[in-house]
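Some notes on the structure that comes next.
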Amino acid sequence: MSVLEIVDLHAVVATDGGELPVVRGISLSIDAGEIVGLVGESGSGKSFTALSVLGLLPDGARVSGGRILVDGEDLLSLRAAERRTRRGGTVAMIYQDPMTALNPLMTVGAQIAEGLRAHGVDGAEAKKRTLAAIEEVGLPRPERIARSYPHRLSGGQRQRVVIASALALRPKVLIADEPTTALDVTIQQQILALVDELRVAHDLAVLWITHDLGVVARIANRVAVMYAGRIAEAAPTRSLFAAPQHPYSAALLASIPSPTDTVRGPLPQIGGAPPDLTALPPGCPFEPRCAQREPGCAATEPDPVHRGDADTACFVPRERWTTAEEAG
Amino acid sequence: MTQEMPPAAAAVVPAAPRTAGQPSLPRRILADRNGLIGVVLIGALALIALASLVHLGQDPLAQHQSGQLAGPSGAHWLGTDQFGRDIAARVAAGIFASLRVALVSVALATVIGGLLGVLSGFAGGILDAVVGRLTDVLFAFPATLLALALVAALGHGWFNTAVAIAVVYTPIFVRVARGPVLTVRESEYVRAGRVLGFSRSRLLFRHVLPNVSAPIAVQVALALSWAILTEAGLSFLGLGTQPPNPSLGLMVADSRNFFPDAWWTLLFPALAVVVAVVGLNLIGDGLRNALDPRTVRR
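For the record, the sequence lines run as chains A and B. The opening residue of the first sequence carries number 24 in this note's numbering; numbering runs sequentially from there. The opening residue of the second sequence carries number 1166 in this note's numbering; numbering runs sequentially from there.
In structure tokens, the structure reads:
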């Protein structure tokens, strides 16, 4: 059953020229114990989607439509104070840069305990649960770590502390905003393994935001590919990598260098740039850059259809693709 | 003794975390050469000021008819003034008066200015706009002129003087506190606190305030020295401490008529002001070095 369900979410940012649609009708659901990768280039709306779930959109931005259900409860209908108790309590988040995500003037233990106390856990209990949380993320000698200031810990250790802090409150949903980007590849692997372990242990629903398809392949059960504020394709990870149903996913996959590739020459790339959100074309937003475009594509924007294992917002089924980019 | 509005403390320094094995802040200030000299100078002045309270030496108000404008001697270590009053006792009492005004005015300015600055930086919006414009207005007046006008309006007395100086220095603390708050507010750990569902007051007092305290602390030391100068300036102009009460600024003003023949009437009160200002500035330097994580520790 879905723990997190996003239904037709719209979000806008106010600018001098009116409101800019950044998220344009996203629907996504995540089951307990499932990891969904949210992939897309910068400006595709993936971070906005995550911030909408937390209710922490920046000033000038707002959710303009849709519903966000956690365990059946619509977060958007809650009052601000109630919303705050859900933050951290039911929906937690880990971030890109563990080096700056901790207050430099507080010991690690005090910071984790503070999160617990802010949600009404009393002192002694908070201390106990802090140590348990530190132990759970695989840090040796929890008492010692708890007494340390953040600058005494390595990047990987800090990311573990951030994870411990996020999970100490036993949230149901974990939003991971590229938590491995700032880490060494070996540490990346450890963090991926750790999150996967914790997902199983706590039946977490994880939304993993990234632009690294390698990470997605490693950890996600399903993938949603975002483009220009919409989901271009959502599919089980295996199917997406085997047979992408949207030309944009196919082009993304084609641009990953393969270690076994013997062909020399430039990597395939996607020509052009993402559309200007102030002047979206009437048709498919990917149409100007698409290798598979057909005459009708520029006229109307495609709605998602079920094709193969995937939901894809494309008019052109895979069978009609010209071979150039089908390789994916 | 007029002065321009002093600039706000130059560099914004992040607070250095204290860690095991590292000496405490007071120790680090004393380990800094400037800080040590400053602490010694101000410590000496503070002792002298305290001594004046218990009348260890002479009564600063007692007039000795026999010895007017007498030079330093065994009976009057620093000589006497035109009314035959003991200059040593009057300087000591003057130091006490100066320090009292400086401490109270800077305490007021720090609490009010610091709080307004942190709040406006953290909240932004209308509060920030209103506080910003008010500080602009206060900044538009020359410091001494504004203090003069305020004392004239409030009336004499050490507390009114302190309030006037506090009003003049409050905008500086608003700015010094607001700037770093803007940076810290956007830091990942404050965002992380939001994500964890922390209330705004918890974020403000537990996470933002401690991380902007270093520049404010340095500003306190510097503002104390300016406050001493301003108080002396006001007294010099006759708007601070009123005669016959002893005050360093007033003593310097009185000495103008006598100092070619009686240098001690000018030298000692002026020296006390200089030592206080230099000492507090050195403490400010020491504090900045001690709080600056880039300082190499020996």
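Just so you know, even glycine gets a beta-carbon here, dropped at the ideal spot from N, CA and C.
- Nearest neighbour of Y1334(B) by Cα position, chosen from F1363(B), S1390(B) and R1365(B), turns out to be S1390(B).
- Within chain B, no residue has its CB atom less than 8 Å from the CB of H225(A), the nearest being about 17 Å off.
- At a cut-off of 8 Å between beta-carbon atoms, L80(A) makes no contact with chain B.
- In the DSSP annotation of this structure, A124(A) is not part of any alpha helix (DSSP H), being labelled neither H nor E.
- By the rule that beta-carbons nearer than 8 Å mark a contact, L1292(B) does not touch chain A.
- Between G1444(B) and I1194(B) a beta carbon distance of about 13 Å is seen, past the 8 Å cut, so the two are scored as non-contacting.
- For the 8 Å CB-CB criterion, I254(A) and V246(A) do not form a contact.
- With a threshold of 16 other beta carbon atoms within 10 Å, E57(A) meets it and is buried.
- Here L92(A) is bridged, per DSSP, to E28(A) and D97(A).
- Interface annotation for the segment 1357-1375 of chain B against chain A: A1357, G1358, R1359, V1360, L1361, G1362, F1363, S1364, R1367, R1371, H1372 and P1375, criterion Cβ-Cβ distance under 9 Å.
- L1234(B) and S1400(B) have their C-alpha atoms spaced approximately 21 Å apart.
- For the C-beta of H142(A), the chain B residues within less than 9 Å are, from N- to C-terminus, L1361 and G1362.
- Here L1218(B) is exposed. Its C-beta has fewer than 16 other C-beta atoms within 10 Å.
- Put simply, the segment 105-121 of chain A touches the segment 196-207 of chain A. At least three CB pairs are less than 8 Å apart.
- In terms of CA proximity to D1301(B), I1337(B) leads the group I1337(B), V1346(B), I1448(B) and A1317(B).
- Listed in chain order, the alpha helix (DSSP H) elements of length 4 or more contained wholly in the segment 1339-1427 of chain B are 1353-1360, 1374-1401 and 1413-1420.
- Using a C-beta cut-off of 8 Å, the segment 95-103 of chain A makes no contact with the segment 183-196 of chain A, since fewer than three inter-stretch Cβ pairs fall below that distance.
- Using a Cβ-Cβ cut-off of 8 Å, G138(A) counts as an interface residue toward chain B, since at least one Cβ of chain B sits closer than that to its own.
- A check of alpha carbon separations from R1365(B) across R152(A), H234(A), A141(A) and D207(A) identifies A141(A) as the nearest.
- Non-local C-beta neighbours of G331(A) in its own chain, meaning closer than 8 Å and more than five positions away in sequence, comprise A258, S262, A266, Q268 and R341, ordered along the chain.
- Residue-level contact check: A149(A) does not touch chain B, since none of the beta carbons of chain B fall below 8 Å from its beta carbon.
- Taking the CA atoms as reference points, I53(A) sits about 11 Å from W231(A).
- Contact check for A1253(B) against H1241(B) passes: the beta carbons are separated by less than 8 Å.
- Closest in alpha carbon position to A133(A), among R152(A), K151(A), P270(A) and A169(A), is A169(A).
- Checking the DSSP bridge columns, you'll see S52(A) partnered with E28(A).
- The beta carbon of T72(A) sits no closer than 8 Å to any beta carbon of chain B.
- Look at E1351(B): its C-beta is not under 8 Å from any C-beta on chain A.
- The C-beta of R110(A) comes closer than 8 Å to at least one C-beta of chain B.
- At least 8 Å separates the CB of Y1334(B) from every CB of chain A.
- Against chain B, the CB of T123(A) has a partner CB under 8 Å away; the residue lies at that interface.
- Take A243(A), set aside five residues on each side of it, and the residues of its chain with a beta-carbon closer than 8 Å to its own are I58, V59, G60, W231 and T260, in chain order.
- Rounded to the nearest angstrom, the gap between the Cα atoms of H1372(B) and G78(A) is 21 Å.
- The DSSP-derived three-state label of S87(A) is strand.
- DSSP places P1191(B) inside the alpha helix (DSSP H), whose first and last residues are L1190 to A1196.
- With contact defined as three or more Cβ pairs closer than 8 Å, the segment 1399-1413 of chain B and the segment 1306-1324 of chain B are in contact.
- Taking C-beta atoms under 8 Å as the contact rule, P298(A) and P304(A) qualify, at a distance of about 6 Å.
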